[in-house]
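Everything below concerns the one structure shown next.
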Amino acid sequence: MRKLFIAVAMLAPLAALPAGKIGGKVSVLGVWGGAELETFNKMVKPFEDRTGVKVEFEATRDLDAVLTTRVSAGSPPDLAVLPSPGKMADLARQGKLVDLGGVLNMAALKKSYAQGWIDLGSVDGKLVGVFPKADLKGLVWYDPKSLKAAGLSDAPKSFDDLLAEANAAAAKGVTPFAIGIESGAASGWVGTDWLENIFLKTYGPAKYKEWYEGKLPWTSPEVKSVWQTWGKIVGNPKLCYGGSQYILSTNFGQAFIPLFDNPPKAYFHFQATFIQGFIGKQFPALKAGEDFAFFALPPVKPEYAKSAEIAGDLVGMFKKTPQSAAFLDYLTTAEAQAYWVKGGNGLSPNREVPLSDYPNALSKRAAQILTSAEMTVFDASDMMPGKMNTAFWAAVVNFVSDPDQLDDILRQLDTVRADAYGK
Amino acid sequence: MWERLVWGLVAVAGVPLVLSGYVFAVERALSPFAARRRNALRPWLWLVPGVVLLAGFLIYPVVHTLVLSLFNATSTRFAGLGNYVHIFTERSMLTVLRNNLLWLLIFPTVTVVLGLVLAVLTDRVRYQWAVKAAIFVPMAISLVAAGVIWKFMYQYQPPGQPQTGTVNSFLSTLVPGFQPRAWLFDRALNNPALIFVLVWMWVGFAMVILYAALKGIDEALLEAARLEGATEFQIFFKITLPLMMPTVTVVTTTLVINVLKVFDVVYVMTNGSLGTDVIANRMYKEMFNYNDFGRASAFATLLLLAIIPVMFMNIKRFGRGGRA
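The listed protein sequences derive, respectively, from chains A and B. Quick note: my numbering has the first sequence finishing at residue 432, numbered continuously throughout. Quick note: my numbering has the second sequence finishing at residue 326, numbered continuously throughout.
This is how it looks when you write it as structure tokens:
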């Protein structure tokens, strides 16, 4: 980075720009919208002021298709959020991604990122993707006051405890869960998070890996039991606000709203850390930690209590320009990542972001869970090949619509598995 | 910005300029020939730019797609008819084919009948311009926007809650005891709900064209029938409708071609979930999500094969009309 500035400084008389300014622009393709986009814009501002580089951001929820089209048309953006590590590997092997070893200061990066993050962004030993932000998945959000009023616990010991409590509440006419899985072309991904967390907390990380690597059939007793476990919640209209029709038609970004209705219509909402930003945007008056909080989904088997699922947005480089290099470098800095953290839009994989930057006790707790987890796995659906991932999303939608079709749904997933991993 | 404006101007002014330049060049080239020779050659030379463009932008891609459809996902291994076999045997693919058939049967029928009824009825009201405008306006909206609008219209809230979706809110106010439905997420309702959106978009088109045909019928003919004591129904079915038949056919074929290609509405509203996928959307997924050139091309070829007969009929009809 510093070298770059020197290079630019030498060119400065030619470009007639103030010292330290690069000018020009960088195009970025990503998924961030709503509250996340606001934070992104705030984060971009100081970078633009300092370097004179204009960041042209384009957002889409159909990232995979848009990126694939742009890449195969030969006009990729300079930088892009990559849909998944699987897709990143595909692109890297096709030679579309720039080896970041020659772009970023690797020594500095290794200091601020845990090796695990670097490994996740590497293909065949080359770093091709970096994480500007991370999320802790598998959290159950609630409103502490209403939870107390309803006599529900905020620290169930096991998944069965949570389920028993939810059923007891339902018997008294209280609806415990608010779920919504609609997300445009990616509808169903919320359900994959549920299933992944239940899987992880029932069978542990080793089996989990077999599963996303396609070695464990969907029709295996393990995978099937996970769907059945989730089915005890999502398939029971007494436990879920609005029943399956509401779950299917409600966008994930609004699914938490029933928790904060007066009186509350539901008490538990399952989502990753990023939802804090959505809650804050929807209800600016609510205070994190006081008006809403979370606990980690309790383990199904006690031996997997200290496991956690994480996910993150990977950013890759398609065109190396002074501008794209400068911006990518900025994205990995503690300075930039502090914006995500402060906005409640996620956690920072950069360990130099101090805990004091986390806006409240709540996000500090998430950051602590992230750093103290003994078994950390990455989002399984993101690790699967693109085709398997979309089939998984669709399967969730089908399952919620009709849980009795489970066997059929799993058989279908296995036919896709044979196809998707077959290369 | 400026760059784009300049290019826009170049396109607008440049294309006619180049083409008229070509016409002049043809005249120059033909000048040595005798007048009769010139007249025989001229049309062929005028056809050249069109044919070259057509070959480059239409015929070549079609042939290329056909070839790709016989290869595997990465176009590296010959797959024979494998992609087609997959489409006609795999279950989720069969759902896709079934849905296109459903759209094909319901959409043109409903749209034409509704358009016809509206054309005939609005003809008899005083404020017909207002009614017609209201029905025609959706035509001006892009399909994606229509999809988004109707996603809101179909919104669902659990029974007993204030209904934010217009359709549910309207029905629960009007029909006592009506239970709100998740129109797009109920397997029994989602396909009809999607088809209705396209009907809403196109019924104005059908109405306007059919109305023009209706007005083209000689009043004297209808007057004579009335004098002979024919009822209005008899007049409609025995005189008006048969005379409008050519127009009805043209409208129907236009609708058929459009419905075979249906994509936007499905992509925006359900993206094919819960048994609503259609050929074009599936083709998009195969291509851009799965990177499967073979299957995507096979779908494209099937779509083309389905549309060609309809196109052919339309062209033949136009030809007859021209001679008449």
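In this text, a Cβ means the ideal position worked out from N, Cα and C, and glycines have one as well.
ask   = Whose C-beta lies closer than 8 Å to the C-beta of L172 of chain A among residues of the same chain, with five residues either side of it excluded?
value = K241, I242
message = Does any residue of chain A have a CB that is nearer than 7 Å to the CB of F290 of chain B?
response = yes
ask   = Is L120 of chain B helix, strand or coil by DSSP?
value = helix
ask   = Applying a beta-carbon distance threshold of less than 7 Å, which residues of chain B neighbour A403 of chain A?
value = S275
message = Is there a C-beta anywhere in chain B that falls below 7 Å from the one on L257 of chain A?
response = yes
key: Neighbour list for V184 of chain B in chain A, Cβ cutoff strictly below 8 Å   = The sequence given here places Ala at residue 184 of chain B; Val does not occur at that position. Here the neighbours are Q254, Y255, L257, S258.
ask   = Can we count S275 of chain B as close to the ligand SAM, meaning its CB is less than 6 Å from some heavy atom?
value = Among the ligands in the structure shown, none appear at all, so the ligand SAM cannot be discussed.
Inter-residue CB distance, L104 of chain B and N193 of chain B (contact presumed, cutoff 8 Å) = 6 Å
key: Where the stretch 84-104 of chain B meets chain A: residues whose CB sits under 8 Å from a CB there   = E92, R93, S94
query = Going by alpha carbons, who is nearest to L68 of chain B out of B:G52, B:V54, B:N85?
reply = B:N85
inquiry  = So within the stretch 339-378 of chain A, which uninterrupted alpha helix (DSSP H) runs reach at least 4 residues, ignoring any that extend past its ends?
reply    = 343-351
message = With a threshold of 7 Å between beta-carbons, can K310 of chain A be considered close to chain B, or not?
response = no
request  = Determine the chain B residues that contact K73 of chain A at a beta-carbon separation under 8 Å, and present them in chain order.
outcome  = Sequence check: residue 73 of chain A is Asp here, not Lys. Correct list: F290, N291.
task = Mind checking the stretch 397-426 of chain A against chain B and listing, in chain order, the residues whose C-beta falls within less than 8 Å of any C-beta there?
result = T399, A403, V406, N407, S410, D411, Q421, T424
key: For G213 of chain A, the three-state DSSP class (helix, strand or coil)   = helix
task = Output the distance between the C-alpha atoms of F265 of chain A and Y250 of chain A, rounded to the nearest integer angstrom.
result = 11 Å
message = Can you pull out the residues from the stretch 41-53 of chain A whose beta carbon lies closer than 7 Å to at least one beta carbon of chain B?
response = none
ask   = Are the C-beta atoms of Y62 of chain B and some chain A residue less than 7 Å apart?
value = no
Alpha-carbon spacing of K329 of chain A relative to Y122 of chain A, whole angstroms = 22 Å
Sequence-distant residues of its chain with Cβ nearer than 7 Å to G130 of chain A (five each side left out) = L136, V137, G138, V139, F140, L323
query = What do you reckon, are the CB atoms on G355 of chain A and F261 of chain A nearer than 7 Å?
reply = no
inquiry  = Contact criterion: CB-CB distance below 7 Å. Does G251 of chain A meet it with respect to chain B?
reply    = yes
message = Using 8 Å for Cβ pairs, my map puts V200 of chain B next to F109 of chain B. What's the rounded Cβ distance?
response = Here the sequence assigns Leu to residue 200 of chain B, which means Val is not the residue at that position. Indeed they touch by this definition, with Cβ atoms about 6 Å apart.
key: Same chain only: Cβ atoms within 8 Å of P51 of chain B, ignoring 5 sequence neighbours per side   = L21, Y24
query = Who pairs with N260 of chain A in a beta bridge, going by DSSP?
reply = A:E191
Cross-chain neighbours of Y158 of chain B in chain A, by beta carbon under 9 Å = G251, Q254, Y255, L257, S258, T259
request  = Measuring alpha carbon to alpha carbon, tell me which of B:H66, B:V177, B:W152, B:T272 ends up nearest G167 of chain B.
outcome  = B:W152
ask   = Count the other CB atoms within 10 Å of the CB of H278 of chain A; is the residue buried (16 or more) or exposed (fewer)?
value = buried
inquiry  = Counting only Cβ-Cβ distances shorter than 9 Å, please list the residues of the stretch 187-208 of chain A near chain B, keeping chain order.
reply    = E191, G193, A194, A195, S196, G197
Straight-line Cα distance separating A334 of chain A from L20 of chain A = At L20 of chain A, the pLDDT of 43 sits below 50, so the modelled position is not reliable; the number obtained from the coordinates is stated separately. Between L20 of chain A and A334 of chain A, the C-alpha separation is close to 17 Å.
query = In chain A, which residues lie with their C-beta within 8 Å of the C-beta of F59 of chain B?
reply = Correct list: empty, because the minimum Cβ distance to chain A is about 16 Å.
query = In its own chain, which residues sit with a C-beta less than 7 Å from the C-beta of A195 of chain A, not counting the 5 before and 5 after it?
reply = R70, W402
query = Interface residues of chain A around R126 of chain B at Cβ under 8 Å?
reply = Chain A residues near R126 of chain B: none, gap ~41 Å exceeds 8 Å.
query = With a cut-off of 8 Å, do at least 3 Cβ pairs link the stretch 155-169 of chain B to the stretch 220-230 of chain B?
reply = no
query = Once you ignore the five residues that flank E191 of chain A on each side, which residues in its own chain have a CB closer than 8 Å to its CB?
reply = L257, S258, T259, N260, F261
inquiry  = DSSP has Y151 of chain A in a bridge; who is on the other side?
reply    = A:A302
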